[in-house]
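What follows is a short report on a single structure.
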Amino acid sequence: MLRPKHWTVHVDLSSGKVTREIVAEQTEQTLIGGSGVGWKLAAERLPAGVDPFAPDNLIIINPGLFVGTLTPGTPKTTVITKYPTFASEDGRFYVGASTCGGRFFGIALNQAGCQHLIISGKAPSPVYLRIRDDSIQLVDAEDLWGQGIQHVTNQLVRREGPETGTMVIGTAGENLVRNSLCIVDKFNSLGRGGIGAVMGSKNLKAIAVNGTRDIELARPLAYFDFAQELRKRVYAWPRREHWIKLGLAAGWDTFKHTQYPGIWAKDEWDELYGEKTRLETVEEVIACNSCIVSCRLKWQIKGGEFDGEIGFGSPFSKSATSGMLLGVKDFRKMIHLVADANANTGLDFYTTTRIIDFATLMYEMGNLSKEDTGGLELRRDYDTYHKLYDMMAKREGFGAVLADGWFRLKNEFDLDPQDYRYSGFCKGMDFIYDARPSNLHPLMMSFFTRPRPHHGGSHTRTNSRNKTLEEIREQVEAWGLPQKTIDRIFTETPYSGKFNVGRYTKHMEDMMRVKNSLGLCSIFSYQGLIFGNDLAQLYSAASGEDLTAGEMIQRGERISNLAKLINARDGFTRKDDRVPEIWFKPMDSPEGKIETRDYFNTKVIGKEDAEKILDDYYDERGWDVEHGIPTPEKLEALGLEAFSTDALVKTAG
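Taken in order, the sequence shown gives residues 1 to 653; the numbers are from the numbering used here.
What follows is the structure, encoded as structure tokens:
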């Protein structure tokens, strides 16, 4: 029984040269496939210290191993690059990964034999990358440069075919706005932190992919039978109909607590941005490939200034939190801003609204003047914010300052991002969640422990507020961890509560590495629909290599260590894994003071508690607790001794 062959395809935009090589079987055996192999490619080929906008920076695109198969909820593709968001005051940048679903993009890459697509160099003029199985071409894109994302996506689909997978940047990416992202298949955002700008720096407007090959599996019948069993399980999920009706908006009952900024009363927020207003705009719920739950939307604004406007994606959580932060009560106007970001500019809506809110707060407090903003008065109204959005995307005036992110505000105006009132901040990135309304659990902690904090994080059952200890333990046990490990996680401590969130986070991060490598959407594991032992059975049938869930999570650990090592060579250590200061200041809200607490609300988490939890995290990883990096002993145990920090620098040049 032969393991299916997978390919790495390297496209040099500077020369137009394309090279292909088969991924070594041993590499896949140790790193699963998908983004796991992608991290090894980054370790071997991404130069240490490279500037994100330099031609030598790489974009490494990795569809998950299961993408294009019958397993429900496996559409995910992961992109690894050095991000242009300033991650430190001294101008360092992190290497990170961003993962998204899609209708066609990931499956088309797998079917075209591009399991790992590496893009380097810089095209002399704007191009898009056309992939049709073995045919790979750089196509002139002068006519598309300067155009919005939705327009370009529509043009590419007309030119290349109705099932073309697309990855497109907007005008913000062209103008090197450091938070800019791209949109995949019109519905899915990818790369907050600046993938859009990295593509723009390479004069790469888009990627358009079509593939016709079958997805190879070692034991296709065994894989098919078990995938069908999982599909039946998902179809029987009691909340499935609710999700199909509302998409991600179905999570409002959880979201209105966990992403609450504490400015309006929750009843008022519910009235302005809750399920009723969401239902008003939903036209159609759209699924990624292989998904039988569905979360993406086609929406239409009804009434008001933007009556009839149509948009795509998942606008409601973005518009709800941002509407409260900015003080805009008309949900139609906020959805319009989301639509503009998704369909036109490619601005990351989360970071853009938070940094604008911060600038407005500083202006209101007298820490920013009208002279600082180039004559723009920062008022809390839609028109002001719409103008600032446009200025950011075009890098005009004060918008150019905001386009460079949080640390430029600090360096130019002495405004500390740690003073921002909501969410938290680490390695140059604001978080989507705030631990005060959310409580401290692995998703929250992974925002500052992972090399790149992002909105995906480590999704577990603790994302919801109402899970029992038994339900949480069930998910952990399904990953085949040794009993002594499970006992450590669920040993109560005076600083962490009924489970040890630091030790728990380590294993759930490794679990996320596995899921991303396979292409599984977090909704399916976080909702308790697919567990670790299910993925092990699928992987065994797909690869021909029999693995347990515990053995898979060990490979996830190997991937986590590689990611940490790559960033350690650029100086990222424990000093950068900084717990946000704002989490230790009570949030004043109409509901009363809200403090960071453990998951079960038994205690308030203070700074000393958080540092002890971080100690436990590093200890559980077997890392140097003082410096927060892997030890030689840990690398040897994982078979990564060739990837020590010194070896990485030497390998990458």
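Where is the CB? At the ideal position from N, CA and C, for every residue including glycine.
1. Tell me, which residues are paired with Ser-298 by DSSP?
2. Give the C-beta separation of Ala-197 and Lys-427 to the nearest angstrom, bearing in mind that I take them to be a contact with Cβ-Cβ under 8 angstroms.
3. Looking at C-alpha atoms only, which residue of Trp-7, Thr-19 and Arg-192 is the closest neighbour of Thr-81?
4. For His-10, name the three-state secondary structure that DSSP assigns.
5. Counting along the chain, where does the alpha helix (DSSP H) carrying Gln-147 start and finish?
6. Less than 9 angstroms between the C-beta atoms of Lys-256 and Ile-59, yes or no?
7. From what residue to what residue does the alpha helix (DSSP H) around Arg-219 run?
8. Count the other CB atoms, across all protein chains shown, that sit within 10 Å of the CB of Arg-213; report buried if there are 16 or more and exposed otherwise.
9. Between which residues of its own chain and Pro-453 is the CB-CB distance below 7 angstroms, once the five residues before and five after are set aside?
10. So, using beta-carbon positions, are Pro-75 and Asn-411 closer together than 9 angstroms?
11. Check whether the region 402-416 and the region 174-182 touch, using three or more Cβ-Cβ pairs below 8 angstroms as the test.
12. How long is the line joining the alpha carbons of Val-625 and Met-444, rounded to whole angstroms?
13. Could you tell me which of Ala-141, Asp-133 and Val-328 sits nearest to Pro-124, measuring between CA atoms?
14. Kindly give me the distance between the Cβ atoms of Val-338 and Lys-318, rounded to whole angstroms, as I take these residues to be in contact under 8 angstroms.
15. Taking Arg-465 as the reference, give the member of Leu-361, Gly-106 and Asn-601 with the closest Cα.
16. Hey, is the region 504-517 in contact with the region 576-587, meaning 3+ C-beta pairs nearer than 8 angstroms?
17. Name the two residues that bound the continuous alpha helix (DSSP H) containing His-386.
18. Grab me the residues of Ile-61's own chain with a C-beta within less than 6 angstroms of its C-beta, minus the 5 sequence neighbours each way, in chain order.
19. Does the separation of the CB atoms of Glu-591 and Lys-266 fall below 9 angstroms?
20. Straight-line CA distance for Ser-644 to Asp-357?
21. Quick check: what's the CA-CA separation for Ala-536 versus Thr-548?
22. Relative to the alpha-carbon of Arg-354, which residue among Gly-375, Tyr-273 and Leu-388 has its alpha-carbon at the smallest distance?
23. Roughly how many whole angstroms lie between the Cα atoms of Arg-569 and Leu-347?
24. Identify every residue that forms a DSSP beta bridge with Ala-250.
25. For Glu-216, which residues in the same chain have their Cβ closer than 7 angstroms to its Cβ, ignoring the five residues on either side in sequence?
26. When you compare each of Val-37, Ser-14 and Thr-19 to Glu-25 by their alpha carbons, which one comes out closest?
27. In the DSSP output, what is Thr-19 paired with across the bridge?
28. Please classify Pro-630: does DSSP put it in a helix, a strand, or coil?
Taking the definition as stated:
1. According to the sequence provided, residue 298 is Lys. The question's Ser does not apply to it. Paired residue(s): Glu-284 and Phe-312.
2. Not really, about 17 angstroms apart at Cβ, beyond 8 angstroms.
3. Arg-192
4. Strand.
5. Where Gln-147 is concerned, there is no enclosing alpha helix (DSSP H), given that its DSSP letter is neither H nor E.
6. no
7. Looking at the DSSP string, Arg-219 is not in any alpha helix (DSSP H), and its letter there is neither H nor E.
8. exposed
9. The predicted model places Pro-453 with a pLDDT of 46, which falls under 50 and marks its position as unreliable; any figure quoted below should be read in that light. If we look at Pro-453 and ignore the five residues flanking it on each side, its Cβ neighbours are Cys-426, Lys-427, Met-429, Phe-431 and Phe-447.
10. no
11. Contact between the region 402-416 and the region 174-182 is present, because at least three Cβ pairs lie under 8 angstroms.
12. 20 angstroms
13. Ala-141
14. 5 angstroms
15. Asn-601
16. no
17. 382-394
18. The beta carbon of Ile-61 sits closer than 6 angstroms to the beta carbons of Val-79 and Leu-117 from its chain, once the five residues preceding and following it are set aside; these are given in chain order.
19. yes
20. 41 angstroms
21. 5 angstroms
22. Leu-388
23. Using only the alpha carbons, I get a separation of about 30 angstroms.
24. DSSP output for Ala-250 lists no bridge partner at all.
25. Pro-4
26. Val-37
27. Here Thr-19 is bridged, per DSSP, to His-10.
28. strand
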